[in-house]
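**Q** For the sequence shown, numbering that gives the first Met the number 0 assigns the number 0 to the initial residue and increments by one for each residue that follows.
Built from N, CA and C at the ideal position, the CB exists for glycine as well.
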Amino acid sequence: MFLNGVTKPILEESNYSAFWGKPLKLKAFEDKPINYEQPYFYARGALIQDLIRVDYQGNPIIDFKDRGAWEQGKEYTDGRSYPYEGDDVWHLDCRWRCIVESTTQEPKWNATDWVMVSGNEKLSLELYSDGGFVYRPNSSFTANITAKVFMGNEDITAFIDDLDWKWTRETGNINGDNAWNVNHAGNTNKLTITQDDMDDLSDYSKFICTAYVRDGKEIKKIDKEVVI
């Protein structure tokens with residue numbers, strides 16, 4: 000124990016400058032997560048070359064550092080080796096954490112070497128048409144519709160297998176809809192519709208696109224519909 004500024008027999012808290020051992024119950028330690036049955040080092044300052052934090056079992060505690068924007072070709076780590084610093088990066092408006100010993104892999108929705116720690120993981124499906132979505136009965140109409148799947152702001156359409164797309168039509172004409180669905184069973188994320196795909200006897204023609212997203216762990220179904 001090192002004392003400082005002692006001027007009288009009875010010590011005050013300000014006299015305790017440093018100690019090594021079980022901590023005294025000083026006011027400075029109140030409301031702190033201190034185990035008074037274990038030794039501590041207490042001092043105003045310290046010059047330390049190697050400071051390794053461990054848990055109660057002696058395992059190193061990884062200190063994850065924000066490395067800024069992800070850089071292609073740069074090597075990142077999960078910090079399992081000394082100096083036990085793991086890498087977090089920012090990419091596609093999300094924060095990612097490295098979970099392997101070493102990687103140059105791009106962090107993205109289906110990456111094996113990264114896990115998203117903050118950001119938008121919501122899946123969405125959007126439909127885009129070059130001919131609009133307005134049809135007047137008994138008139139000429141052609142629309143090329145493209146479906147895109149997003150996870151947050153990341154376009155993951157290219158990762159959807161061709162067999163994981165499905166288009167269905169709903170008009171209230173069950174027989175006609177079933178026939179249409181069979182005829183368009185091979186469509187992927189693109190669909191061309193004309194006036195022949197409409198049911199003029201119905202009040203509406205609804206087209207539903209469904210995609211199945213496989214991330215290696217589970218299959219997620221998303222869909223989007225448009226009424227023409």
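1. Assuming K73 contacts T111 under a Cβ cut-off of 8 Å, what Cβ separation, rounded to an integer in Å, is found between them?
2. Taking DSSP as the reference, what is the three-state secondary structure of S13?
3. Verify whether the separation of the beta carbon atoms of T156 and K189 is less than 8 Å.
4. Does DSSP put T145 in a helix, a strand or coil?
5. Select from V116, F63, L91, Y35 the residue whose C-alpha is nearest the C-alpha of E153.
6. Just the C-alpha distance for G44 and D65, rounded to the nearest angstrom, thanks.
7. Buried or exposed for V226, going by 16 or more other Cβ atoms inside 10 Å?
8. What are the residues that DSSP puts in a beta bridge with R96?
9. Tell me, which residues are paired with F18 by DSSP?
10. Three Cβ pairs or more, each shorter than 8 Å: is that satisfied between the segment 211 to 225 and the segment 120 to 133?
11. Quick check on DSSP: helix, strand or coil for T5?
**A** Quick answer:
1. Position 74 of the sequence shown holds residue 73. Position 112 of the sequence shown holds residue 111. 18 Å between Cβ atoms; not a contact.
2. The residue labelled residue 13 in the question sits at position 14 within the sequence shown. Note: S13 maps to helix in three-state DSSP.
3. If you number the sequence shown from 1, residue 156 lands on position 157. If you number the sequence shown from 1, residue 189 lands on position 190. At the C-beta level, T156 and K189 stay beyond 8 Å of one another.
4. If you number the sequence shown from 1, residue 145 lands on position 146. Strand, per DSSP.
5. Translated into positions along the sequence shown, residue 153 becomes position 154. Nearest of V116, F63, L91, Y35 to E153, Cα basis: L91.
6. Walking along the sequence shown from the start, residue 44 turns up at place 45. Walking along the sequence shown from the start, residue 65 turns up at place 66. So the two alpha carbons sit approximately 26 Å from each other.
7. Along the sequence shown, one-based indexing puts residue 226 at 227. That one is exposed.
8. Translated into positions along the sequence shown, residue 96 becomes position 97. BP columns for R96 point to D87, V114.
9. Counting from 1 along the sequence shown, the entry for residue 18 is found at position 19. Answer is Y41, bridged to F18.
10. yes
11. In the sequence shown, counting from the first residue as 1, residue 5 sits at position 6. Correcting the residue identity first, residue 5 is Val in this sequence and not Thr. Correct three-state label for V5: coil.
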